[in-house]
Structure formats: C-alpha cells, structure tokens
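J.: This structure is in structure tokens; I'll ask about it shortly.
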Amino acid sequence: MNERYCLQKIRNLGVRLHELELAQPSPGKSYTSAALDFLFSQHQIERPAGAPLDHTLQTLGRALVEKHHLKFQRLDAHSVIDYFCRFYRVH
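If you read the sequence shown in UniProt numbering, its first letter stands for residue 1, the second for the next number, and so on.
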C-alpha cells in the first residue's frame, strides 16, 4: 500500500471517529492526526513523534498484538489500518 492511500484510509477513519463523536480534531489538526491520536490514546501508548508513518503504524500494531494476545508476531501498516477500518466500519 502506498503512503498516500494509507493516509487517505486513516483520514476516513478520523472522519468516522468524528461522526461517532469519539474524536474531535483540534484546531489546526487534520482528521488523520486526530485518528492517530485517538488510537494511540485508546491503547495507552505514546505516539512516536517525528517517526515515519510505517513505523508509527507498526508501533500501534505491536500494541494490538500484545493487548489482544494475537497469534501474529507483528502486523504490517496495511493490516493495522484494515483492522481499525473494519472495527469502526469505515469503507
């Protein structure tokens, strides 16, 4: 998955979270940033500052694996986004 498509899916997730009144973008922040902030706070981990998107999503993937005791050792960026898009019913 290319980064542009990845960012679009995260933005769509942010819009959905806003519709569900779970996350509100702060003034000057995007839906993408609001979605990532929400997901990291939900899993009680610190969002890596200045890290590439792939690394940021893999960090979130590791938290998912640990929290839900998944049989996977690691999730790639695409899998992490797909998981949350399915969970919050984002198309």
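For glycine and all other residues, C-beta sits at the position ideal for the given N, C-alpha and C.
With C-beta atoms as the reference, is residue 80 less than 7 Å away from residue 72?
T.: no
J.: Relative to the C-alpha of residue 56, which residue among 33, 69 and 70 is closest?
T.: 33
J.: Using alpha carbons as the reference points, say which of 74, 46 and 2 lies closest to residue 58.
T.: Residue 58 has its Cα closest to that of 74, out of 74, 46 and 2.
J.: Cβ atoms of residue 40 and residue 23: under 7 Å apart, would you say?
T.: no
J.: Nearest to residue 60 by alpha carbon, out of 70, 18, 77 and 49?
T.: 77
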